[in-house]
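If you're matching them up, the sequences are chains A and B in order. When you line the first sequence up against the numbering used here, it's residues 57 to 210, in that order. When you line the second sequence up against the numbering used here, it's residues 57 to 210, in that order. Following: one structure in structure tokens, then a few remarks.
Protein chains: 2
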Amino acid sequence: MSKEAPSGLTLCNNAMLRRATRKIGQYYDDVLAPSGLKATQQGLLYQIHVGNEPAMGAIAASLIMDLSALGHTLKPLIRDGYVETFADPADRRVKRVRLTPQGLVKLDEVMKLWHVAQQRFEAVVGKDQAANLRAVLDDISALDFDMPPAASSE
Amino acid sequence: MSKEAPSGLTLCNNAMLRRATRKIGQYYDDVLAPSGLKATQQGLLYQIHVGNEPAMGAIAASLIMDLSALGHTLKPLIRDGYVETFADPADRRVKRVRLTPQGLVKLDEVMKLWHVAQQRFEAVVGKDQAANLRAVLDDISALDFDMPPAASSE
DNA sequence: TTGATTTAGTGGTATATGCCACTTTTGTGA
DNA sequence: TCACAAAAGTGGCATATACCACTAAATCAA
Numbered sequence: 057m058s059k060e061a062p063s064g065l066t067l068c069n070n071a072m073l074r075r076a077t078r079k080i081g082q083y084y085d086d087v088l089a090p091s092g093l094k095a096t097q098q099g100l101l102y103q104i105h106v107g108n109e110p111a112m113g114a115i116a117a118s119l120i121m122d123l124s125a126l127g128h129t130l131k132p133l134i135r136d137g138y139v140e141t142f143a144d145p146a147d148r149r150v151k152r153v154r155l156t157p158q159g160l161v162k163l164d165e166v167m168k169l170w171h172v173a174q175q176r177f178e179a180v181v182g183k184d185q186a187a188n189l190r191a192v193l194d195d196i197s198a199l200d201f202d203m204p205p206a207a208s209s210e
Numbered sequence: 057m058s059k060e061a062p063s064g065l066t067l068c069n070n071a072m073l074r075r076a077t078r079k080i081g082q083y084y085d086d087v088l089a090p091s092g093l094k095a096t097q098q099g100l101l102y103q104i105h106v107g108n109e110p111a112m113g114a115i116a117a118s119l120i121m122d123l124s125a126l127g128h129t130l131k132p133l134i135r136d137g138y139v140e141t142f143a144d145p146a147d148r149r150v151k152r153v154r155l156t157p158q159g160l161v162k163l164d165e166v167m168k169l170w171h172v173a174q175q176r177f178e179a180v181v182g183k184d185q186a187a188n189l190r191a192v193l194d195d196i197s198a199l200d201f202d203m204p205p206a207a208s209s210e
């Protein structure tokens with residue numbers, strides 16, 4: 057090797073993933089900024105919208121997100137009147153989520169900005185490259201890293 | 057090409073990136089758990105270690121992380137005695153960072169676990185696929201999404 | 001030398017996310 | 001039916017991460 061990696065950083069799958077996520081997240085956030093929403097919030101609103109009054113657990117599962125994390129993330133959106141929740145009549149443990157009319161309007165607004173961000177991203181990265189990236193990410197998101205606890209003695 | 061949204065979610069580069077990061081982050085965190093460190097902290101310790109008493113700004117830049125975010129992230133590591141900072145004698149604005157002896161020991165410990173996580177990841181994903189993923193992530197991390205304020209129509 | 005500007009960090013505030021303990025509902029088996 | 005286990009969320013706490021306003025130090029300009 058003629059060059060030494062400035063840091064072994066590029067060797068860690070997790071670190072690279074995080075770094076790229078920060079980078080892209082900042083970019084999408086930037087573009088969505090005029091809406092007052094973060095990219096995470098836009099994604100969440102969208103997810104709720106396409107779901108059929110999804111239960112919290114269902115949303116968390118599809119986003120591979122901790123249920124409690126979802127609850128926390130939802131709070132600002134509820135506070136701002138974009139989202140509301142209600143107990144499933146058939147099972148009171150289940151809490152379902154839906155957009156408010158105001159939330160629908162906001163989603164519409166932010167999706168326009170999202171399209172801009174998305175298009176510009178694909179213009180820079182290349183449509184194929186982007187599609188390929190998403191496919192790979194989807195793959196690894198679906199993987200099972202089930203493992204015997206490292207040094208557990210049982 | 058305007059049809060039904062597949063999973064919807066799988067179309068957004070940012071959302072997919074985040075989702076995969078949550079997934080992989082949880083996996084690496086799991087494996088590193090016995091050390092008491094999160095994967096982000098392991099990465100940060102490593103970064104500090106391989107750098108030559110790097111300045112905060114240098115670390116932030118190489119991790120594509122906000123400087124203030126780095127400062128916040130560093131606090132638990134300083135509190136726990138793994139890392140210490142000192143002003144650059146040549147430029148007092150600059151704060152440099154280094155591992156303490158205790159931090160070195162801890163890094164050694166956590167890196168062993170990291171190797172386990174990394175190897176298992178590559179075993180599941182495939183070495184080539186993993187390397188390719190990292191390369192793509194490195195690429196997009198280096199991109200310039202310079203955006204002309206939404207002026208030109210599209 | 002002095003005042004304006006730039007550079008490097010800090011602190012506050014807010015969202016993003018995870019884990020754990022705990023509560024409420026359901027579902028189950030004796 | 002009743003005690004117990006399982007399922008779905010909530011709240012608290014901790015870290016991750018960003019932006020903004022502000023401070024301190026170094027630079028530049030006149």
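We treat Cβ as the ideally placed atom computed from N, Cα and C, and that holds for glycine.
Under 8 Å Cβ to Cβ from leucine 160 of chain B, same chain only, skipping five residues before and after it: list those, please. In chain order, His105 place their CB closer than 8 Å to the CB of leucine 160 of chain B, counting only its own chain and leaving out the 5 sequence neighbours on each side.
Could you give the distance in angstroms between the alpha-carbon of glutamate 125 of chain B and the alpha-carbon of alanine 146 of chain A? One point to set straight first is that residue 125 of chain B is alanine, not glutamate, in the sequence displayed. If I take the Cα positions, the gap works out to 44 Å.
Counting contacts by CB-CB distance shorter than 8 Å, is lysine 59 of chain A in contact with chain B? A caution first: lysine 59 of chain A carries a pLDDT of 44, below 50, which makes its placement in the model unreliable, though a value can still be read off. Any Cβ of chain B closer than 8 Å to the Cβ of lysine 59 of chain A would place that residue at the interface, and such an atom is absent.
Can you name, in chain order, every residue of its own chain whose Cβ lies under 6 Å from the Cβ of glutamate 109 of chain A, other than the five neighbours on each side? Scanning its chain for C-beta atoms nearer than 6 Å, with the 5 sequence neighbours on each side dropped, one finds around glutamate 109 of chain A the residues Arg152 and Arg154, in chain order.
Could you pull the start and end residues of the beta strand (DSSP E) that lysine 151 of chain B belongs to? Counting along the chain, the beta strand (DSSP E) containing lysine 151 of chain B begins and ends at 147-155.
Work out the CA separation of asparagine 188 of chain B and glutamate 140 of chain A for me, nearest whole Å. 42 Å
Assuming isoleucine 80 of chain A and leucine 73 of chain B form a contact by the criterion Cβ under 8 Å, report the distance between their Cβ atoms to the nearest whole angstrom. 6 Å
Sort out for me which residues DSSP pairs glutamate 140 of chain B with in a bridge. The partner list for glutamate 140 of chain B (beta bridge, DSSP) reads B:Arg154.
Looking at the C-beta of lysine 79 of chain A, does it have a partner C-beta in chain B at a distance below 8 Å? yes
With leucine 88 of chain B and glutamine 98 of chain B assumed to form a contact (beta carbons below 8 Å), what rounded beta-carbon distance in angstroms separates them? 6 Å
Enumerate in chain order the residues of its own chain whose CB-to-CB distance from alanine 111 of chain A is below 6 Å, with the five nearest sequence positions on each side excluded. Listed in chain order, the non-local C-beta contacts of alanine 111 of chain A below 6 Å within the same chain comprise Val150 and Arg152, local neighbours out to five positions each way being set aside.
What distance in whole Å lies between the Cβ atoms of isoleucine 115 of chain A and alanine 76 of chain B, which are believed to be in contact at a cut-off of 8 Å? Not really, about 17 Å apart at Cβ, beyond 8 Å.
So, under 8 Å CB-CB, serine 91 of chain B and leucine 169 of chain B are touching, yes? Tell me the CB distance rounded to an integer number of Å. 6 Å
Measure the beta-carbon distance from asparagine 70 of chain B to alanine 186 of chain A and round it to whole angstroms, keeping in mind my assumption that it falls under 8 Å. No, asparagine 70 of chain B and alanine 186 of chain A are not in contact; Cβ-Cβ is about 11 Å, not under 8 Å.
In terms of alpha-carbon separation, which member of A:Leu199, A:Arg148, A:Asp122 and A:Leu133 lies closest to leucine 163 of chain A? A check of alpha carbon separations from leucine 163 of chain A across A:Leu199, A:Arg148, A:Asp122 and A:Leu133 identifies A:Leu133 as the nearest.
Suppose you measure from the CA of leucine 199 of chain B to the CA of valine 180 of chain A; what does that come to, to the nearest Å? 8 Å
Sequence-distant residues of the same chain with beta carbon closer than 7 Å to alanine 95 of chain B, five excluded per side: Gly81, Tyr84, Asp85 and Leu88
Aspartate 202 of chain A - DSSP class collapsed to helix/strand/coil: coil
Return no unless some Cβ of chain B is closer than 8 Å to the Cβ of phenylalanine 142 of chain A. no
Within this structure, are the beta carbons of valine 166 of chain A and leucine 93 of chain A separated by less than 8 Å? yes
On the criterion of 16 or more Cβ atoms from any shown chain inside 10 Å, does phenylalanine 177 of chain A qualify as buried, or is it exposed? buried
Could you check whether the Cβ of glutamine 97 of chain B sits closer than 7 Å to any heavy atom belonging to the ligand ATP? The ligand ATP is absent from the structure shown, which contains no ligands of any kind.
I'd like to check one pair, threonine 66 of chain A with aspartate 184 of chain B: are the Cβ atoms closer than 8 Å? no
Against serine 197 of chain B, what residues of chain A qualify as contacts under a CB-to-CB distance less than 9 Å, listed in chain order? Met72, Arg75, Ala76, Arg78, Lys79 and Ile80
Between phenylalanine 142 of chain B and histidine 128 of chain B, what straight-line distance do the alpha-carbon atoms span, to the nearest angstrom? 16 Å
Quick one: is valine 150 of chain B near chain A, going by C-beta distance under 8 Å? Not closer than 8 Å to any Cβ of chain A, the Cβ of valine 150 of chain B fails to qualify, so no.
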